[in-house]
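Notes follow once the structure below has been shown.
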Amino acid sequence: VSENILENKELEFYKWEDDVPVLLKTLREKLNKLGE
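Going by our numbering, the sequence shown opens with residue 997, and the numbers climb by one from there.
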């Protein structure tokens, strides 16, 4: 159903500027620093 509605287009919030594992690693490091 969603494929028909979106006409196979990718939504903006599904696009990432960098590689996802790198983003997650950076986020994890920032959260660890906040928790210290």
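Built from N, CA and C at the ideal position, the CB exists for glycine as well.
In the structure shown, E1032 falls within a coil segment according to DSSP collapsed to helix, strand and coil. Rounded to whole angstroms, the Cβ separation of W1012 and L1019 is 6 Å, and the two are in contact under 8 Å. Between I1001 and E1008, the alpha-carbon positions lie close to 15 Å from each other.
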